[in-house]
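In the numbering used here, the protein residues as written are 226 to 944. This report concerns only the one structure given below.
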């Protein structure tokens with residue numbers, strides 16, 4: 226350490242340049258950091274979806290889900306397999322151990338899907354992997370607003386699927402655009418059974434004729450007059466007339482056309498999901514899913530720019546209205562923690578000026594904060610840690626500890642400079658002062674870092690949650706140690722001055738005349754320290770003389786803490802207030818989509834009467850497969866809230882939730898549950914259910930399990 230101090234002070238220009246480079250690199254790293262609201266705790270997950278045509282859940286479980294599950298067994302790093310079999314849809318969630326590369330995992334699953342497809346009966350669906358995303362991957366929801374009122378839901382859905390979707394998918398960082406609501410356009414051939422009998426046709430033969438007449442065929446080329454002409458037969462169907470003129474058979478030279486045995490019209494595909502808004506009616510909606518590992522803030526901004534561009538190209542009267550985006554939450558979270566961080570820095574600097582009692586030493590110590598913070602940014606960029614509540618929260622915690630080492634060095638340097646009566650050079654005094662305290666400072670910093678080492682050993686959700694905090698604290702403390710060893714002595718040589726020679730002589734004479742006691746030191750202390758010492762000294766003196774009293778007081782405080790601790794309650798982490806509420810309404814399993822839509826519109830009208838609610842957009846069931854696989858008895862109502870300043874009684878989000886519960890009341894035939902968008906998605910990915918508390922029963926008799934589940938639910942409601 227002594228050699229390092231000597232090297233630093235003899236190469237001050239080099240160290241200064243190095244410090245500037247570190248701070249510049251830290252700033253550049255900060256600008257490139259991904260920005261998130263919260264650490265993404267989603268597991269390494271690959272989802273496999275299989276859409277079937279009208280199969281009941283029992284058949285799907287037996288013929289689709291089971292073959293996919295068995296094909297996935299034995300994969301490297303496989304941790305867990307969960308599945309859900311709904312009407313018309315199989316969802317298999319394949320969880321891998323933390324740290325497994327998501328693309329490696331998807332490659333493994335894709336190889337096994339070849340085997341699974343061979344086991345699934347023909348016509349029962351083709352399993353496909355879901356988007357490369359996580360529980361926090363859905364970054365933006367939007368719906369189409371038709372101001373003109375002349376477009377049908379079918380036309381709006383066509384605009385969503387063919388104009389908006391493919392343009393948004395060109396945005397870097399977007400992996401999927403999923404649509405819901407309206408009707409997917411179809412050419413529907415409604416066959417008359419009597420006509421089939423009349424013309425001696427079967428339904429299979431009609432299907433085959435339609436398929437074979439919906440092809441473009443190539444016929445190579447012909448040469449003519451030194452040129453080549455491509456020969457092609459255009460047979461793709463483009464309108465109803467093309468369908469009507471398909472020849473099914475010929476009897477005695479008379480063709481039988483498709484329109485003779487069927488009614489051909491444009492209609493909507495069978496759907497298992499609906500999107501409604503504000504209790505008025507259905508809308509067409511879309512959701513943007515970002516690619517795993519991309520910068521949420523940057524992707525959202527790019528999507529917003531693209532939406533503005535797409536809006537200009539849409540038919541007159543149609544607009545894209547974003548109604549939920551993570552950008553709002555990300556900005557609010559980062560703003561909150563950044564504000565706390567800046568406030569902490571300002572408070573620390575003020576305290577430094579007050580307690581050090583001099584401007585120059587305070588400036589040297591204050592430089593430790595930007596140096597350590599920017600050094601931390603370099604580490605965050607290197608380790609791939611995003612700027613979020615936990616990582617910046619770790620920095621906020623470390624702010625007070627960052628300056629400790631610099632304070633000790635500067636205080637010791639100031640003391641030796643003031644007592645330098647022999648006229649020793651300033652650099653030698655600074656070197657001597659730094660060498661005296663550098664080892665204790667190093668040990669102190671190492672001990673603080675060691676205290677946080679257990680956080681680095683955490684795995685799973687707790688590891689993903691708290692490791693960013695541990696990393697930033699450790700990096701900040703290591704940066705403060707580098708500042709103390711390298712920068713503090715150099716800055717002290719630039720900013721701190723040796724007292725004038727006249728003052729030194731006066732001081733020497735004064736010290737000879739005075740007795741060698743603490744009175745001379747007290748005369749140099751600033752007023753605030755003198756005041757604190759006056760209060761502190763009699764208390765310390767009392768407890769030193771009355772040691773039994775000190776022990777009794779300590780025991781009383783410990784016992785009081787032991788009594789209070791069990792009553793505090795416990796929680797893994799405080800619930801992140803996302804600023805958006807979701808009301809989940811679960812209806813009877815046998816309910817139809819039409820009836821669930823009717824009940825949802827009633828619920829939306831109730832919510833719209835609440836003063837703090839500006840809008841309600843609801844997803845019932847599922848749309849395009851890729852993120853949600855709910856049955857039609859589930860409705861998720863995204864409650865759009867007015868600014869906080871317009872809430873009653875300056876309520877918090879939790880208090881507002883209770884108000885909405887009370888104002889909304891009960892919904893006959895439906896269970897109501899409040900949650901938040903990200904919280905809901907993460908809960909489902911972690912435990913397979915969209916709730917914070919899940920109780921699972923296992924057994925062979927479904928009736929017994931159902932009865933026991935009811936009993937457990939009754940007991941839980943009483944708590």
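Glycine residues also receive a C-beta, built at the ideal position from the N, C-alpha and C atoms.
- Residue burial is scored here from C-beta neighbours: residue 226 has fewer than 16 other C-beta atoms within 10 angstroms and is therefore classed as exposed.
- One Cα belongs to residue 778, the other to residue 772, and the distance between them is close to 10 Å.
- Restricted to the stretch 256–322, the alpha helix (DSSP H) segments that are unbroken, complete and at least 4 residues in length are 282–285 and 291–297, listed in chain order.
- Taken atom to atom, the span from the alpha-carbon of residue 884 to that of residue 559 is near 28 Å.
- DSSP links residue 453 through a beta bridge to 448.
- Distance from the CA atom of residue 768 to the CA atom of residue 792, rounded to whole angstroms, is 31 Å.
- Residue 346 is not a Cβ neighbour of residue 293, given a cutoff of 8 Å.
- When DSSP states are grouped into helix, strand and coil, residue 376 belongs to the coil group.
- Scanning its chain for C-beta atoms nearer than 8 Å, with the 5 sequence neighbours on each side dropped, one finds around residue 838 the residues 832, 864, 865, 866, 867 and 885, in chain order.
- Per the coordinates, the alpha-carbon of residue 683 lies some 45 Å from the alpha-carbon of residue 279.
- Bounds of the beta strand (DSSP E) holding residue 475 are 472–476.
- Membership of residue 549 in the beta strand (DSSP E) is indicated by the continuous run 543–550.
- Annotated as distal: residue 537 and residue 372, with beta-carbon spacing of 8 Å or more.
- Three or more beta-carbon pairs separated by less than 8 Å are not found between the stretch 252–262 and the stretch 674–688, which leaves the two stretches without contact.
- Separation of the CB atoms of residue 596 and residue 696 is rounded to 18 Å, and the pair is thereby denied contact status at 8 Å.
- For residue 821, the secondary structure class from DSSP, reduced to helix, strand or coil, is helix.
- Residue 586 sits in a helix when the DSSP states are folded into three classes.
- If you draw a straight line from the Cα of residue 709 to the Cα of residue 635, it is about 9 Å long.
- Residue range 498–502 is occupied by the beta strand (DSSP E) that includes residue 500.
- Counted as a single uninterrupted DSSP element, the stretch harbouring residue 923 is not any beta strand (DSSP E), since DSSP gives it neither H nor E.
- Judged by DSSP in its simplified three-state form, residue 889 adopts helix.
- Non-local C-beta neighbours of residue 509 in its own chain, meaning closer than 6 Å and more than five positions away in sequence, comprise 369, 381, 382, 385, 406 and 407, ordered along the chain.
- In the three-state reduction of the DSSP assignment, residue 802 falls in the coil class, being assigned neither a helical nor a strand state.
- Excluding five sequence positions before and after residue 872, the CB atoms of its chain that fall closer than 7 Å to its own CB belong to 837 and 881, given in chain order.
- Only residues of its own chain outside the window of five on either side were considered, and among them 617 have a CB closer than 7 Å to the CB of residue 563, listed in chain order.
- Check the Cα spacing between residue 524 and each of 449, 542 and 555: the tightest is with 555.
- Scanning its chain for C-beta atoms nearer than 8 Å, with the 5 sequence neighbours on each side dropped, one finds around residue 587 the residues 574, 577, 578 and 581, in chain order.
- In the structure shown, residue 331 adopts helical secondary structure according to DSSP, grouped into three states.
- A distance below 8 Å separates the beta carbons of residue 514 and residue 358.
- Residue 715 is positioned such that its CB atom lies no closer than 8 Å to that of residue 395.
- By the Cβ-count criterion, residue 272 is buried, with 16 or more other Cβ atoms from all chains shown falling within 10 Å of its own Cβ.
- Judged by DSSP secondary structure, residue 512 falls outside any alpha helix (DSSP H) and instead within the beta strand (DSSP E) spanning 510–515.
- Taking a 10 Å sphere around the C-beta of residue 337, we find 16 or more other C-beta atoms and assign the residue as buried.
- Listed in chain order, the non-local C-beta contacts of residue 442 below 6 Å within the same chain comprise 458, local neighbours out to five positions each way being set aside.
- Ranked by how close their Cα comes to the Cα of residue 834, the residues 932, 503 and 367 have 503 in first place.
- By the 16-neighbour rule on beta-carbons within 10 angstroms, residue 301 is exposed.
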